[in-house]
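The structure appears below as structure tokens.
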Amino acid sequence: MEFQVPTINILLIAPAAIVAGWGVLLMLIELFISDEAQEQWRQIVPGLALVGLALAFIQTVGLWGYDGGTFILADGHPMIVVDNFATFLNIIFLLTGALTIFISVDFLRRTGLERPEFYMLMLFSISGMMLMGMANDLILVFLALELLSIPLYIMSGLAWPRTDSEESAMKYFLLGAFSSGFLVYGIALTYGATGTTQLPGVMAGIANGGSLALAGAALLLVGFAFKVAAVPFHMWTPDVYQGAPTAVTAFMSVGAKVGGFAAMLRILIIALPGLGDVWAPALAVLSALTLIVGNVVALVQPNIKRMLAYSSIAHAGYILIAVASAPASPDGVSAALFYMFAYLFSNMGAFAVVIAIERKTNEGVMLDDYKGLAKRHLGLALAMAFFMLSLTGVPPTGGFSGKFFVFKAAIEANLIWLTIVGVITSAISGYYYLRVVYTMFMQDGDGEVAAPEALKWTVGFAVLVTAVLGFIPGPWFDIARQAALQGMQMVAGG
Amino acid sequence: MSFSFLEFLKSLVELTTGTYLRQVWGAKPWVDPTLDAIGVILVATFGLLIVLVLIWLERKVIARFQDRIGPNRVGGKYGLLQPVADALKLLTKEIITPSGADKWAYNLAPFLIVITALMMWAVMPFAPGVVGVDLNVGLFYVLAISSVSVVTVLLAGWGSNNKYALLGAFRAVAQMVSYEVPMILSLLIPIILARSMSSVDIVKAQTVPFAIVVPISALIFFISSLAEMGRTPFDLLEAESEIVAGFHIEYSGMKFAMFMLAEYISALFMSGLFTTVFLGGYRFFGLEMIKTASGFALGNLIGLIAFFVKMFVVFVVLVWIRGTLPRFRIDQMMDFNWKFLVPLSLALILVAALVDKALPVGVNDWTRAGVHLVSNVVVGAVTLEILRRNGRKQRTAHEEVRENADIETAAAH
Amino acid sequence: MIEQIIFIVISLFTLMMGWIVVSNNNLFHAALALMASFLGVAGLYVMLDAGFLAMAQLLVYIGAISILIIFAIMLTRRMMQTEESPFNSQPGLAGITAVSVFAVIAFIFWQMREFWPLGAGEGAMPPADKSIILGSVAKLGEYFVSPDAFVLPFEVASVMLLAALIGSIWVAWPKTEDES
Numbered sequence: 003m004e005f006q007v008p009t010i011n012i013l014l015i016a017p018a019a020i021v022a023g024w025g026v027l028l029m030l031i032e033l034f035i036s037d038e039a040q041e042q043w044r045q046i047v048p049g050l051a052l053v054g055l056a057l058a059f060i061q062t063v064g065l066w067g068y069d070g071g072t073f074i075l076a077d078g079h080p081m082i083v084v085d086n087f088a089t090f091l092n093i094i095f096l097l098t099g100a101l102t103i104f105i106s107v108d109f110l111r112r113t114g115l116e117r118p119e120f121y122m123l124m125l126f127s128i129s130g131m132m133l134m135g136m137a138n139d140l141i142l143v144f145l146a147l148e149l150l151s152i153p154l155y156i157m158s159g160l161a162w163p164r165t166d167s168e169e170s171a172m173k174y175f176l177l178g179a180f181s182s183g184f185l186v187y188g189i190a191l192t193y194g195a196t197g198t199t200q201l202p203g204v205m206a207g208i209a210n211g212g213s214l215a216l217a218g219a220a221l222l223l224v225g226f227a228f229k230v231a232a233v234p235f236h237m238w239t240p241d242v243y244q245g246a247p248t249a250v251t252a253f254m255s256v257g258a259k260v261g262g263f264a265a266m267l268r269i270l271i272i273a274l275p276g277l278g279d280v281w282a283p284a285l286a287v288l289s290a291l292t293l294i295v296g297n298v299v300a301l302v303q304p305n306i307k308r309m310l311a312y313s314s315i316a317h318a319g320y321i322l323i324a325v326a327s328a329p330a331s332p333d334g335v336s337a338a339l340f341y342m343f344a345y346l347f348s349n350m351g352a353f354a355v356v357i358a359i360e361r362k363t364n365e366g367v368m369l370d371d372y373k374g375l376a377k378r379h380l381g382l383a384l385a386m387a388f389f390m391l392s393l394t395g396v397p398p399t400g401g402f403s404g405k406f407f408v409f410k411a412a413i414e415a416n417l418i419w420l421t422i423v424g425v426i427t428s429a430i431s432g433y434y435y436l437r438v439v440y441t442m443f444m445q446d447g448d449g450e451v452a453a454p455e456a457l458k459w460t461v462g463f464a465v466l467v468t469a470v471l472g473f474i475p476g477p478w479f480d481i482a483r484q485a486a487l488q489g490m491q492m493v494a495g496g
Numbered sequence: 006m007s008f009s010f011l012e013f014l015k016s017l018v019e020l021t022t023g024t025y026l027r028q029v030w031g032a033k034p035w036v037d038p039t040l041d042a043i044g045v046i047l048v049a050t051f052g053l054l055i056v057l058v059l060i061w062l063e064r065k066v067i068a069r070f071q072d073r074i075g076p077n078r079v080g081g082k083y084g085l086l087q088p089v090a091d092a093l094k095l096l097t098k099e100i101i102t103p104s105g106a107d108k109w110a111y112n113l114a115p116f117l118i119v120i121t122a123l124m125m126w127a128v129m130p131f132a133p134g135v136v137g138v139d140l141n142v143g144l145f146y147v148l149a150i151s152s153v154s155v156v157t158v159l160l161a162g163w164g165s166n167n168k169y170a171l172l173g174a175f176r177a178v179a180q181m182v183s184y185e186v187p188m189i190l191s192l193l194i195p196i197i198l199a200r201s202m203s204s205v206d207i208v209k210a211q212t213v214p215f216a217i218v219v220p221i222s223a224l225i226f227f228i229s230s231l232a233e234m235g236r237t238p239f240d241l242l243e244a245e246s247e248i249v250a251g252f253h254i255e256y257s258g259m260k261f262a263m264f265m266l267a268e269y270i271s272a273l274f275m276s277g278l279f280t281t282v283f284l285g286g287y288r289f290f291g292l293e294m295i296k297t298a299s300g301f302a303l304g305n306l307i308g309l310i311a312f313f314v315k316m317f318v319v320f321v322v323l324v325w326i327r328g329t330l331p332r333f334r335i336d337q338m339m340d341f342n343w344k345f346l347v348p349l350s351l352a353l354i355l356v357a358a359l360v361d362k363a364l365p366v367g368v369n370d371w372t373r374a375g376v377h378l379v380s381n382v383v384v385g386a387v388t389l390e391i392l393r394r395n396g397r398k399q400r401t402a403h404e405e406v407r408e409n410a411d412i413e414t415a416a417a418h
Numbered sequence: 127m128i129e130q131i132i133f134i135v136i137s138l139f140t141l142m143m144g145w146i147v148v149s150n151n152n153l154f155h156a157a158l159a160l161m162a163s164f165l166g167v168a169g170l171y172v173m174l175d176a177g178f179l180a181m182a183q184l185l186v187y188i189g190a191i192s193i194l195i196i197f198a199i200m201l202t203r204r205m206m207q208t209e210e211s212p213f214n215s216q217p218g219l220a221g222i223t224a225v226s227v228f229a230v231i232a233f234i235f236w237q238m239r240e241f242w243p244l245g246a247g248e249g250a251m252p253p254a255d256k257s258i259i260l261g262s263v264a265k266l267g268e269y270f271v272s273p274d275a276f277v278l279p280f281e282v283a284s285v286m287l288l289a290a291l292i293g294s295i296w297v298a299w300p301k302t303e304d305e306s
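Chains as they are written, first to last, in the numbering used here: chain A, 3 to 496; chain B, 6 to 418; chain C, 127 to 306.
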């Protein structure tokens with residue numbers, strides 16, 4: 003026997019590997035489930051998927067504070083990096099997955115969409131997101147992005163043969179493939195300019211890359227802007243969010259967006275800081291456009307899912323402010339991380355309430371269906387109001403803290419005009435968020451509300467975290483700062 | 006070096022004429038392209054002409070299977086010139102282009118199919134040192150080209166503007182694409198054993214012919230190459246009783262002849278490939294390496310003869326199968342591929358790779374072959390046993406259902 | 127010199143076929159032209175001494191993907207009868223975009239001319255090592271499975287393909303009564 007002992011630290015890749023492997027395992031088990039046992043199997047699959055996420059969560063939390071990489075290539079650079087930045091993001095992804103499972107079990111059963119594969123595909127997607135944050139190589143970034151996206155394409159078509167769901171899947175798939183093309187071309191040009199796909203190597207090679215590297219960076223940016231739905235690459239978002247089953251929308255509004263930002267931050271901050279004075283203004287303009295378009299168009303949306311889609315575009319704009327200020331401000335990255343963490347809970351909570359109101363697939367998602375929710379189910383109405391306030395950025399909520407840190411970073415980076423745009427658009431956003439609150443409390447209406455225990459607990463948990471983030475943001479921001487610092491150290495260390 | 010006719014003849018027998026001419030002509034820029042061109046022409050002509058022999062052989066053998074005599078008028082008692090007469094007949098027939106045909110597709114298909122069939126011969130090692138081009142991705146090249154030939158079938162089927170042709174093409178493509186999978190998978194095992202994709206290296210590695218080392222893989226390859234060629238029992242693509250003649254129904258005259266040509270060329274090529282990959286190619290107990298005392302490499306000629314004998318034996322087996330077996334049903338054909346051949350080949354690859362890795366480095370060839378043989382046969386036997394159990398289960402379930410039905414009908418009465 | 131001529135011929139062929147793909151009214155012919163274009167790309171790979179890649183291109187793109195495309199066309203359209211224009215209502219805009227993207231990239235490559243292998247500049251790349259090219263198949267195989275090379279992307283790709291496979295089956299599977 004002459005097997006080489008692989009020089010891999012399995013523990014580092016474990017968080018992503020557990021999630022992906024758990025998905026494969028569930029799929030294998032399903033092969034041996036007899037027809038009679040299918041019903042019980044459907045009952046326990048969500049629980050089993052949660053167990054997998056929990057295992058990965060334990061491993062991820064255990065890696066907090068670790069700084070290093072594995073799959074070290076011949077030239078000494080690791081293929082994946084595990085630092086607090088990656089760990090922080092992994093926690094966000096795992097929480098997203100867990101919350102999605104909690105809100106989707108009853109919803110899928112109610113709408114007749116329940117298939118065990120849903121949870122397995124979601125596990126695959128989560129593993130792709132986690133790899134996005136850890137990847138230290140452009141090839142891996144691309145593959146992780148595809149691993150993230152492909153299950154999402156399928157999941158958004160979950161409710162076929164409903165045409166809106168099919169339309170959603172088709173649009174998402176075509177535009178996703180289109181944006182992947184940009185990304186790959188960007189990677190190719192970057193490789194051409196620097197002769198490597200390794201992020202540290204790219205950074206080292208950027209000096210003599212010149213305009214080719216710039217073009218590569220621009221195309222990479224476009225690719226990620228598609229994924230995070232930044233204007234003018236946001237066209238797909240409203241239709242996809244509206245057509246996809248709401249549980250899937252919730253999942254991708256957080257997961258895919260944060261995944262895109264994870265890789266974007268990693269690449270821009272680590273590999274391309276040398277080009278910072280070039281991409282930061284570009285991002286600032288992108289962010290201003292995103293803020294304006296997202297918030298203004300959201301004003302006239304009667305469909306709550308569509309409204310949340312535009313709101314998610316707008317929030318991408320706020321995160322982009324933080325990213326744009328990252329080269330000049332020490333707190334840029336940590337503000338982005340904190341914002342995403344706060345956004346996760348506000349947004350997931352809001353979607354949980356939408357799911358509770360939604361009777362069948364994509365029925366009961368209009369603003370009118372929220373009339374009189376306060377009388378029908380006061381708890382949910384209060385929670386929804388709280389999430390809306392948080393999304394607007396009213397203190398004391400997580401959303402407010404997030405926006406505060408983002409604007410602070412922008413001012414530090416001397417992006418005053420961008421801050422002003424951000425504040426004004428926040429004020430505009432108040433109109434459509436608070437209109438939901440107004441509709442719930444001030445108007446009369448009736449209709450069924452399906453709020454099973456799991457969903458209630460999820461909403462409660464989201465309210466709790468959002469409130470905590472609003473009242474005492476300090477310690478949480480310190481954690482985000484620790485996460486960001488390590489990412490920045492990588493820059494210094496090369 | 007000046008040209009001497011005697012030396013030239015000697016080099017012909019040695020099969021080293023290329024090297025000889027290169028020596029004579031010296032290193033001039035036109036020498037290599039000329040020799041390459043000659044080589045291409047030789048191989049292509051060989052491929053085209055050997056078909057005459059193949060047609061005669063197939064008709065004769067099939068006739069014997071069916072208790073007939075076969076061709077016996079043209080060209081003496083054995084009908085040796087029958088294929089020539091057939092070819093002349095086809096040449097003089099009118100070439101019809103059906104109305105509504107897609108001119109480009111319809112006219113391109115016959116040429117492309119012959120071209121792809123001939124291109125595959127480029128990597129066939131006929132004898133030691135006699136090979137069109139020794140690519141380091143030889144077998145991969147063969148697979149790539151044969152997958153291109155699928156396209157030509159589609160071209161023909163669609164271009165003819167005929168529903169039977171289109172149906173035939175669909176069937177052909179479905180079949181060829183499906184059976185490509187087990188074919189590639191079973192070819193991987195010789196590649197693992199020889200540690201090379203070059204056809205020459207694979208022949209060199211066969212101290213023990215791979216048909217003995219990994220008989221089950223050889224069998225899978227043989228079966229899937231049958232399907233790949235669309236020969237009985239996989240000739241659904243031209244099942245006369247169902248879709249008349251398949252994708253080439255509308256072709257007549259020489260264009261029809263091109264399809265037959267391509268079919269025979271690739272049939273012989275598959276026999277040759279089987280010979281090369283599993284039967285040791287031109288190897289014949291070391292005789293192919295002998296040289297006379299004066300340094301005359303007689304072995305090359307022996308190798309050539311050995312290769313041809315093996316190849317034609319395999320070809321006759323193809324004919325034998327055609328004369329014996331009935332046609333598959335289309336669902337059986339697909340099930341057989343995806344539910345039996347593909348999983349089995351995957352298991353075989355896994356086992357072969359693990360066994361090969363686990364064997365110590367300097368082990369002798371025969372021991373290696375023995376271990377592989379045992380593992381190969383064990384995998385095959387286990388598969389068969391699983392199938393048998395499964396079949397029994399299904400049969401009993403079926404019988405139970407039938408019995409219950411009988412009881413119910415009885416009760417109803 | 128001869129090599130350059132061959133290169134130019136193959137490139138022109140590839141581009142021409144690409145043009146036919148987007149401009150031809152007949153979808154079937156467009157698909158065939160796509161195949162021819164792939165063939166041209168394979169030819170370029172051969173010229174770059176990347177034999178394995180060329181064969182993979184033939185096997186995967188012509189032997190599988192194009193066939194799939196043709197099947198999809200045949201199963202979803204009545205192309206025997208209809209000939210639709212491949213252009214939508216905005217060919218002008220699309221043309222401007224494409225040309226400007228091309229211009230930008232061409233400009234960038236022009237700026238990079240000192241790095242061109244054929245250029246006389248100091249940055250000219252050294253000729254590739256033949257031995258690396260000859261052993262490239264084995265190297266490729268090793269790189270795919272070595273922990274200090276690309277085993278992780280390789281595995282991630284396999285999970286991704288698994289997800290895609292399952293997803294496509296899931297989407298294509300006929301829905302049973304109780305689920306519709």
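In this text, a Cβ means the ideal position worked out from N, Cα and C, and glycines have one as well.
Under the three-state DSSP convention, the category residue i falls into
i	result
residue 366 (chain B)	coil
residue 70 (chain A)	strand
residue 362 (chain A)	strand
residue 45 (chain B)	helix
residue 324 (chain B)	helix
residue 451 (chain A)	coil
residue 236 (chain B)	coil
Residues of its chain near residue i, where Cβ-Cβ distance is below 8 Å and the 5 sequence neighbours each way are ignored
i	result
residue 280 (chain C)	270 and 271
Terminal residues of the alpha helix (DSSP H) in which residue i lies
i	result
residue 191 (chain C)	Careful: residue 191 (chain C) lies outside any alpha helix (DSSP H) and carries neither H nor E.
residue 335 (chain B)	335-340
residue 284 (chain C)	277-298
residue 241 (chain A)	238-245
Nearest-angstrom beta carbon gap, residue j and residue i [assumed within contact, 8 Å]
i	j	result
residue 129 (chain B)	residue 281 (chain B)	7 Å
residue 160 (chain C)	residue 199 (chain C)	11 Å between Cβ atoms; not a contact.
residue 1 (chain A)	residue 21 (chain A)	Not covered by the structure: residue 1 (chain A). The range shown for chain A is 3 to 496.
Span of the beta strand (DSSP E), counted from its first residue to its last, around residue i
i	result
residue 80 (chain A)	80-84
residue 132 (chain B)	130-132
Cross-strand partners of residue i (DSSP beta bridge)
i	result
residue 368 (chain A)	A:305
residue 139 (chain A)	A:200
residue 136 (chain B)	B:130
Own chain residues within Cβ distance below 6 Å of residue i, not counting five before or after
i	result
residue 133 (chain A)	18 and 146
Contacts around residue i, its chain only, beta-carbon distance under 7 Å, and the 5 residues preceding and following it disregarded
i	result
residue 450 (chain A)	361
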